[in-house]
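First up is the structure itself, then whatever we jot down about it.
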Amino acid sequence: MLHGHGDDAYRYGKILYNFSSNVYPYAELSGLLHRLSEHPDALASYPDPAAETLSAKIASLERIEPSSVCVTNGATEAIYLIALAWRAARSAVVVPTFAEYADSCRLHAHRLREYS
1 MLHGHGDDAY RYGKILYNFS SNVYPYAELS GLLHRLSEHP DALASYPDPA
51 AETLSAKIAS LERIEPSSVC VTNGATEAIY LIALAWRAAR SAVVVPTFAE
101 YADSCRLHAH RLREYS
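Read in order, the letters of the sequence shown correspond to residues 1 to 116 in UniProt numbering.
Dropping the structure here:
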């Protein structure tokens with residue numbers, strides 16, 4: 001992260017929606033928690049670094065080629081990869097929001113405009 005941190009909505013008083021962090025507060029995790037309680041060994045090692053099994057499963061479900069699937073280590077990695085793919089593009093970010101949007105644009109030489 002280059003500039004600051006997200007989840008600073010407390011600075012702005014009453015807000016309708018908090019886009020300052022990329023964490024979804026309403027996620028339904030009961031299935032995941034149950035699976036992990038039944039299979040704690042799933043946490044014993046890192047997943048496949050190339051994510052080939054997951055990519056193949058997603059491709060099969062979506063009826064696309066596995067080479068069309070990009071599995072990342074989370075939203076932040078995806079944000080930076082997208083900014084890199086469109087390096088030096090013209091971009092706009094509405095603030096306040098998750099800081100990585102603007103940071104990734106700056107890192108990859110975007111002509112950035114922020115709106116509030």
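All residues carry an ideal CB built from backbone N, CA and C; glycine is no exception. Predicted, not measured: the structure shown is a model, and the values here were computed from it.
Would the beta-carbon of residue i be found less than 7 Å away from any heavy atom of the ligand ADP?
i, result
"ALA56", "What this structure holds is no ligand at all, so the ligand ADP is not there to describe."
Looking only at its own chain, which residues have a Cβ that is under 7 Å from the Cβ of residue i, when we skip the five neighbours before and after it?
i, result
"ARG11", "none"
"ALA44", "none"
Compute the Euclidean distance between the alpha carbons of residue i and residue j, then round it to the nearest angstrom.
i, j, result
"ILE58", "VAL69", "7 Å"
"ALA27", "SER37", "18 Å"
"ASP41", "ALA78", "28 Å"
"ARG111", "SER91", "6 Å"
Name the residue from the options whose alpha carbon lies nearest to the alpha carbon of residue i.
i, options, result
"LEU107", "PRO96, ALA89, THR97 and SER116", "ALA89"
"ASN73", "LEU112, ALA44, SER30 and ASP48", "ASP48"
"ILE15", "ARG113, VAL95, GLU114 and ALA56", "VAL95"
"SER116", "ASP103, VAL93, ALA102 and ALA109", "VAL93"
Among residues of its own chain, excluding the 5 on either side of residue i, which ones have a beta-carbon nearer than 8 Å to its beta-carbon?
i, result
"ALA50", "none"
What does a CB cutoff of less than 6 Å around residue i pick up in its chain, not counting 5 residues either side in sequence?
i, result
"ALA56", "PRO66"
"residue 117", "What is shown of the chain runs 1 to 116, which leaves residue 117 out entirely."
Please go through the stretch 20-81 and give each complete alpha helix (DSSP H) segment of 4 or more residues, from N-terminal end onward.
-> 30-38 and 52-62
Would you call the stretch 82-92 and the stretch 50-65 touching, i.e. three or more CB-CB distances under 8 Å?
-> no
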